[in-house]
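Taken in order, the sequence shown gives residues 14 to 442; the numbers are from my numbering.
Cβ coordinates follow ideal geometry from the N, Cα and C atoms, glycine included.
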Amino acid sequence: MKTLVKTSLKLLLRTKAFWFFLLLMPALSTLILKVKFDSSAAYTENNKEEVVELATADTKVAYYGGKGEYVIKVYDASGTDFSDYLLEKLSKNGMFLVCKADLSEEAVSGIVNDGYIQRFIDKDGYEDRMGSAIYIHPDFDEKLLEGNVADAVTIYTLSEDGRNEALENEISFQLSKMEGVSLSAESQDKASVMTMIKSADDNLPEKEIISVAGSNGRQLSIKQTNQKSQMGYAFAFMTLCFVFCGIFVAHTSIKEQKNGVLTRINLTKSSTFQYFASKFITVVVISLMITAVMAVYSIALSPADLGMSRLKFIIMIFLMGLIFNSASMLIGIIMGDVMGANVAAFTMWCMTALLSGLYFPLNYTTTALKALSHMMPQKWFLEGTEMIFVGDNKAFPMLICITAAYLIVILSLGSLGLKIRRTDSWGNS
Numbered sequence: 014m015k016t017l018v019k020t021s022l023k024l025l026l027r028t029k030a031f032w033f034f035l036l037l038m039p040a041l042s043t044l045i046l047k048v049k050f051d052s053s054a055a056y057t058e059n060n061k062e063e064v065v066e067l068a069t070a071d072t073k074v075a076y077y078g079g080k081g082e083y084v085i086k087v088y089d090a091s092g093t094d095f096s097d098y099l100l101e102k103l104s105k106n107g108m109f110l111v112c113k114a115d116l117s118e119e120a121v122s123g124i125v126n127d128g129y130i131q132r133f134i135d136k137d138g139y140e141d142r143m144g145s146a147i148y149i150h151p152d153f154d155e156k157l158l159e160g161n162v163a164d165a166v167t168i169y170t171l172s173e174d175g176r177n178e179a180l181e182n183e184i185s186f187q188l189s190k191m192e193g194v195s196l197s198a199e200s201q202d203k204a205s206v207m208t209m210i211k212s213a214d215d216n217l218p219e220k221e222i223i224s225v226a227g228s229n230g231r232q233l234s235i236k237q238t239n240q241k242s243q244m245g246y247a248f249a250f251m252t253l254c255f256v257f258c259g260i261f262v263a264h265t266s267i268k269e270q271k272n273g274v275l276t277r278i279n280l281t282k283s284s285t286f287q288y289f290a291s292k293f294i295t296v297v298v299i300s301l302m303i304t305a306v307m308a309v310y311s312i313a314l315s316p317a318d319l320g321m322s323r324l325k326f327i328i329m330i331f332l333m334g335l336i337f338n339s340a341s342m343l344i345g346i347i348m349g350d351v352m353g354a355n356v357a358a359f360t361m362w363c364m365t366a367l368l369s370g371l372y373f374p375l376n377y378t379t380t381a382l383k384a385l386s387h388m389m390p391q392k393w394f395l396e397g398t399e400m401i402f403v404g405d406n407k408a409f410p411m412l413i414c415i416t417a418a419y420l421i422v423i424l425s426l427g428s429l430g431l432k433i434r435r436t437d438s439w440g441n442s
């Protein structure tokens, strides 16, 4: 057994491509974890109680309503405290997602008119997707103080959503309240009227917001969400490393079988089981080597970069390595062809990384896709990452059990595949 392991390692260390993956992929993973970027928008819920500021009036808002929100696009030609107050109240209603395009500068230059706005509305109706659009006229303040504020707001219904009526009622309520306060004010000074309007809100029942974690009971901060996203990309590079380092072990086994080495081994006291057991031990040694390289590179990372201690990160890498090194090795041996083994390994990496949510979250996909995602090993390591972030002590017992379960399945299916392959080989011979 010892001789078989040494021989496999010697053949592996002579492979230049093995050193390429061994040294480069951990370096790329380290670089990903070191570079700071904000990807929280893809993993967190849109805050419906804040007005979304659009860069230009041409900016599409369909992207903000991908989870069923009722999106409102507002063309604000007033740009004053009164219009901001109205939009703030609409957003805090909780039913609407308000996206605001500021046209106050265009209003000053005199180019904003009904025809100008209608051009945007026609374009939105064909090229964008929203519940309604609202045009706040440039003279919104003057109309409010005159008691004719309803003529300063135009609502364009662009969908058949049942929430259209709720929007109209909410706008009517807020405008009536603003108008009533302004008419009862002794002074028509805008600042004084605005103060009175805000003071009137103090008499309304206070809205209490209770933050509840998701279905998994964990709620990450923005920083932790970004770290989770970075960890997903790092796992993707490390998975590629593990898959191909494991497939190089399969390459040596395929060549040995074709060159009759396995037959000569069977003629000695070593059994076929011992031969493949030596390959699995080789895979464990390779996993340790890759983990050691990653440990060296991780010196450049601080616990703040990882969101966890360096030891916990290294243990996660090792456990994930055992799974993918074993899987790719057995797939390659069962394939019995070097080119087929390479294609199978690359396909396994692509599909598992994609379906596990390493690149983007799968929270809003179909139930079938979510179930398929939970069959991918990386999904559980991302789950473990979340648990470590929130201080859950059950993270590593869970990961150890998951690793053991995958290894049992991989080795069982692998042994079955090898028996079938040997049977076919004897039948053909």
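Distance check between residue 92 and each of 369, 232, 152, 359 places 152 closest, using alpha-carbon atoms only. Taking residue 172 as reference, the option from 146, 89, 104 with the minimal CA-CA separation is 146. Closest in alpha carbon position to residue 256, among 132, 391, 387, 362, is 362.
In the three-state reduction of the DSSP assignment, residue 301 falls in the helix class, which pools H, G and I.
Taking a contact to require three or more Cβ pairs closer than 8 Å, the segment 111-125 and the segment 84-91 qualify as touching. The three-state secondary structure of residue 114, taken from DSSP, is strand. Taking C-beta atoms as the reference points, residue 84 and residue 110 count as a pair closer than 7 Å.
DSSP, reduced to helix, strand and coil, places residue 124 outside both helices and strands of the structure shown, so it counts as coil.
Take residue 265, set aside five residues on each side of it, and the residues of its chain with a beta-carbon closer than 7 Å to its own are 21, 24, 25, in chain order. Boundaries cannot be given for residue 312, as no alpha helix (DSSP H) includes it and DSSP labels it neither H nor E. The alpha carbon of residue 341 has as its nearest neighbour, out of 262, 313, 413, the alpha carbon of 262. Taking residue 137 as reference, the option from 170, 122, 237 with the minimal CA-CA separation is 170.
The straight-line gap separating the alpha-carbon atoms of residue 291 and residue 259 is approximately 13 Å.
For a cut-off of 8 Å, the C-beta gap from residue 314 to residue 49 is around 12 Å, too long to register as a contact. The C-alpha of residue 344 lies about 10 Å from the C-alpha of residue 337. Taking one beta carbon from each stretch, the segment 299-307 and the segment 369-385 have fewer than 3 pairs nearer than 8 Å; the two do not touch.
Taking C-alpha positions only, residue 202 is separated from residue 210 by approximately 12 Å.
For residue 146, DSSP records a beta bridge to 86, 169. According to the DSSP assignment, residue 320 belongs to no alpha helix (DSSP H), since it is labelled neither H nor E. Note: residue 109 is bridge-paired with 83 in the DSSP secondary-structure output.
Annotated three-state conformation of residue 65 is strand, per DSSP. DSSP places residue 33 in the uninterrupted alpha helix (DSSP H) bounded by 29-47. Taking a C-beta distance under 7 Å as the contact criterion, residue 165 and residue 150 qualify as a contact pair.
The shortest CA-to-CA distance from residue 413 to any of 331, 71, 237 is the one to 331. Around the beta carbon of residue 131, fewer than 16 other beta carbons sit within 10 angstroms, so the residue counts as exposed.
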